[in-house]
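Residue numbers (my numbering): 1 to 639. Even glycine gets a Cβ: it sits at the ideal position worked out from N, Cα and C.
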Amino acid sequence: MDIIKTPALFFPSFPPRSCNDFLFLGQSSDPLTCELEETGIQLLIQIKSPPLSFFLELPMALSSTYCRFSSAFSSSSIKNQERCLFTASKIDFNFCSHIFAGSRLLQMKCSNGHLIPVENSFGDSSIVDGSVTNFKGSPDHFSSSEQNKTTVSVTVVGASGDLAKKKIFPALFALYYENFLPEHFTIFGYARSKMSDEELRNMISKTLTCRIDKRENCGDKMEKFLQRCFYQSGQYDSEENFKELDKKLKEKEAGRVPNRLFYLSIPPNIFVDVVRCATYGASSPTGWTRVIVEKPFGRDSESSRELTASLKQYLTEDQIFRIDHYLGKELVENLSVLRFSNLVFEPLWSRQYIRNVQLIFSEDFGTEGRGGYFDSYGIIRDIMQNHLLQILALFAMETPVSLDAEDIRNEKVKVLKSMRPLQIEDVVVGQYKGHSKGGKSYPSYTDDPKVPNNSLTPTFAAAALFIDNARWDGVPFLMKAGKALHSNGAEIRVQFRHVPGNLYRRNFGTYLDKNTNELVIRVQPNEAIYLKINNKVPGLGMRLDRSNLNLLYSAKYSREIPDAYERLLLDAIEGERRLFIRSDELDAAWALFTPVLKELEEKLVFPELYPFGSRGPVGAHYLAAKYNVRWGDLSNDDS
């Protein structure tokens, strides 16, 4: 049974058979009376004496080419009879392919041309492009549950690669194990490698686990999942090969309304070829088609715009899902909840109380076989321009109008556009070098066989950024990211200002900064949120201590935290774009970093060397000191 919702109307069942099936969701408490007349496949609903609020909302909901709204009086002859604007109004609904193609969606528009967000019972909010020809319908046809079924086909392009094997297929299995995938779904792997269906299943079975909740029947679930996995070998620039994929997809879709998701787990230089071939050879003829694009999205502003323009030759913006897996991390998702649903934090979230914000990313290993790819991009493009900047935008944005994807992304874009252009004097770059410690030798970056011996690509970077708006004026946002460091993790640190006229100033000694409050959001590993506070040590003396109010996720919640790819794949299937990057958001992000990246490369700035396993180059500490900041991850009192 389909449920169709609009801002003004709600149909518990469709087609409506009585006035009970036609409900008004406006603010007025006035009852609606109506008469229904069914003629063939046309339904006439006549509403008598609608209240004023109904008149105000109904044209906005129904002014589309698929529904006709008429009234007994023109707008110039409005009669106000006890808050009733019209004595009678008529709405004609015609069953047609625009409205009911399986469980597809009405495309409703307001009178000003803006789309109205609507959804059906399958959660499909895709826009229907164009009409479906030669479609014959009847009320009995549309009430058929079997005909209203849809199916989702997920094609992993680059199925033989590490990302697909280690992240994408396991994430899809976890969604299936938790019953988050639709009842009818199919998974295809697509790559140049020659492989049978059974060989694909054997390959991905090695990385599938039932880690979530450690529930029973893992083997049975895994076997059922693998039976829905298939393989198609082909070239990435061959429309014919994608047409062969299309034939196999149609066999599995078995006449249901097909929705297709393509995950591009491939190098960016072949994105456009794959999108072109998939669009012309294997896109859904009647359902939605969506494409997930992995970073990097270009190397600078110019290449990013070129990539976006090329993709939009074949896809609309709503079909492109630019994935940044850090936005799917549990603690990043919790950022807006922490801030907007806790009164204690929102008043403090500004320059009046916050002294600085630190976004820190560290890995305790080197490139490990990815040297060729990494040398083309470096740590700034690989981590700072996307992962850390996205977290910064979520952290610093104003309260959005709603949790709708566009409202949230609008606020993120405002933050990025308010940021001061990054200057080279506010950037420190480094590169790890080899050394021996405890009888063990550690390699340098240039020891990687795929990295040139004279490479200047930074494996470490620190930067100071500023947001020039009323909330954050003057607050330094410090970023730090590096490979081959002393620890592995990612965190957000919020250091608050000193207490004015602190009565216990003399009890802290000379180093006051160490004893200010600090909020730490540990994104990974051992996810946690903790607040550092000052308290008195029990006893007769007045000795102060620093303690943590700690929310350790593993101690509080028994469920294991889902992988970020699980959340993002589920959102893409459901059409939820909140955690994906919009094209103007991408443009604003590149505008911040492109000038300094070009300056670093044109001036051949030599990165400061730091030993493998150290805390990074000394220059990062001087950069922090320049703004009277001490890196929070250097302290020893963290939980």
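Mind checking which residues open and close the alpha helix (DSSP H) that includes residue i?
| i | result |
| --- | --- |
| V596 | 583-602 |
| A461 | No alpha helix (DSSP H) contains A461, which is instead part of the beta strand (DSSP E) from 460-465. |
| F169 | 169-177 |
| Q390 | 389-396 |
| K247 | 239-253 |
| I642 | Lying before the first or after the last residue shown, residue 642 is absent from the chain, which here runs from 1 to 639. |
| F321 | F321 -> not in any alpha helix (DSSP H); beta strand (DSSP E) instead, spanning 320-323. |
For a test of the three-state rule: what should DSSP assign to residue i, helix, strand or coil?
| i | result |
| --- | --- |
| Q147 | With a pLDDT of 37 at Q147, under the threshold of 50, the predicted position of this residue should be treated as unreliable, though the coordinate-derived value follows. Reduced to three states, the DSSP call for Q147 is coil. |
| G619 | helix |
| Y553 | helix |
| I561 | coil |
| C210 | coil |
| V523 | strand |
| D571 | helix |
| S304 | helix |
| R630 | coil |
| G438 | coil |
| A528 | strand |
| F262 | strand |
| Y353 | coil |
| K662 | Residue 662 falls outside the range modelled here, since the chain spans only 1 to 639, and no answer is possible. |
| G369 | coil |
| L485 | strand |
| V157 | strand |
| A470 | coil |
| D448 | coil |
| F232 | The amino acid at residue 232 is misidentified as Phe; the sequence shows Gln. If DSSP states are grouped into helix, strand and coil, Q232 belongs with the strands. |
| A625 | helix |
| Q358 | strand |
| V152 | strand |
| N334 | helix |
| G189 | strand |
| V344 | coil |
| V605 | coil |
Give me the residue from the options with the minimum Cα distance to residue i.
| i | options | result |
| --- | --- | --- |
| S547 | P182, Y190, Y530 | Y530 |
| Y263 | E253, K252, V275, N269 | V275 |
| I467 | P607, V451, P421 | P421 |
| T150 | Q227, S160, V257 | V257 |
| E199 | D220, K603, Q227 | Q227 |
| L586 | S614, R299, L335 | R299 |
| V618 | P449, E576, P525, V429 | V429 |
| P352 | L392, P500, K243 | Note that residue 352 corresponds to Gln in the displayed sequence, not to Pro. Taking only the C-alpha atoms, the option nearest Q352 is P500. |
| M397 | D448, L315, E576, W472 | W472 |
| M419 | P170, A589, K247, Y610 | A589 |
| T457 | H184, D162, A174, K603 | K603 |
| L465 | V605, A555, M384 | M384 |
| K480 | F297, E317, A620 | A620 |
| S444 | L416, V152, G369 | G369 |
| E360 | G482, S160, A555 | Looking at the sequence provided, one finds Ile at residue 360 rather than Glu. Nearest option by C-alpha distance: G482. |
| E566 | A164, A254, S160 | A164 |
Does the separation of the CB atoms of residue i and residue j fall below 8 Å?
| i | j | result |
| --- | --- | --- |
| L331 | I581 | no |
| A591 | S301 | yes |
| N386 | D426 | no |
| G439 | D447 | no |
| M195 | S238 | no |
| Y442 | G613 | yes |
| G366 | K450 | no |
| F188 | L249 | yes |
| G616 | R493 | no |
| V291 | F242 | no |
| V156 | S265 | yes |
| N488 | E317 | no |
| Y326 | A564 | yes |
Between which two residues does the beta strand (DSSP E) harbouring residue i extend?
| i | result |
| --- | --- |
| G539 | From DSSP, G539 is part of no beta strand (DSSP E); its letter is neither H nor E. |
| A490 | 489-496 |
| K480 | 477-482 |
| S283 | Neither: S283 is in no beta strand (DSSP E) and is coded neither H nor E. |
| F297 | From DSSP, F297 is part of no beta strand (DSSP E); its letter is neither H nor E. |
| L609 | 608-611 |
Kindly indicate if chain B contains any beta-carbon less than 8 Å away from that of residue i.
| i | result |
| --- | --- |
| S303 | Of the chains in the structure shown, none is chain B; there is only one protein chain. |
Could you give the C-beta distance for residue i and residue j, rounded to a whole number, given that I count them as a contact under 8 Å?
| i | j | result |
| --- | --- | --- |
| V596 | Q423 | 7 Å |
| T459 | A484 | 7 Å |
| L623 | A462 | 5 Å |
| I573 | E527 | With a Cβ gap of about 25 Å, I573 and E527 do not count as contacting. |
| N259 | G287 | 4 Å |
| A309 | Y231 | About 32 Å; that fails the 8 Å criterion. |
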